[in-house]
Amino acid sequence: MAVKPIVHYELSLKFKSLPATKQDLGAATDLKDTLLANKDRAAGLAANMIGVQKRIIALFVGPLPIVMLNPIIVTQDDKYLAYEGCLSLTGERPTERYKNITVKYQNENLETRQQSFSDFTAEVIQHEIDHCNGILI
1 MAVKPIVHYE
11 LSLKFKSLPA
21 TKQDLGAATD
31 LKDTLLANKD
41 RAAGLAANMI
51 GVQKRIIALF
61 VGPLPIVMLN
71 PIIVTQDDKY
81 LAYEGCLSLT
91 GERPTERYKN
101 ITVKYQNENL
111 ETRQQSFSDF
121 TAEVIQHEID
131 HCNGILI
């Protein structure tokens, strides 16, 4: 589809995103394309970072980009303190994260999946879900 510019306006990032539907699959593709175009400086993106207020995130799992629609963390354990940067914001901020999470989401075929993640991938997913919830980290 298209590579979109990254939103840097904090006020627009503070709104909770709405659930994604079939009509938002084009935005999911745009998000993945934008992540790929920024692979040298971004591990993940949320749809509101490209101006779409929908619960969609994209991230790298190893070298592969994946898209999650309506992600929800269903389990989490092993809390730690992280210092995170963000493509939309300057600097780094401290935040609590969990080393291990399980996420329920829909893939790009709108199939429901549940998958466990750990370490850096889990941290990225938590960061992007925070974006969906209007939390700036």
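Counted the way the UniProt record's numbering counts, the sequence shown spans residues 1 to 137.
We treat Cβ as the ideally placed atom computed from N, Cα and C, and that holds for glycine.
* Give a yes or no on whether the C-beta atoms belonging to E123 and A28 are separated by under 9 angstroms. => no
* Under three-state DSSP, which class holds V74? -> strand
* **Residue from N48, T75, S116 and L64 with nearest C-alpha to L36** => L64
* For the candidate residues K22, K39 and A47, whose alpha-carbon lies nearest to that of C132? -> Looking from the CA of C132, the closest CA among K22, K39 and A47 belongs to A47.
* **Selected residue, minimal CA-CA separation from T102, among E96, Q114 and I50** => Q114
* For G134, the three-state DSSP class (helix, strand or coil) -> coil
* Closest Cα partner of Y9 within the set S88, I137 and D77 -> S88
* Give me the Cβ distance between S17 and R41, rounded to the nearest whole Å; I'm assuming they're in contact under 8 angstroms. => Not really, about 22 angstroms apart at Cβ, beyond 8 angstroms.
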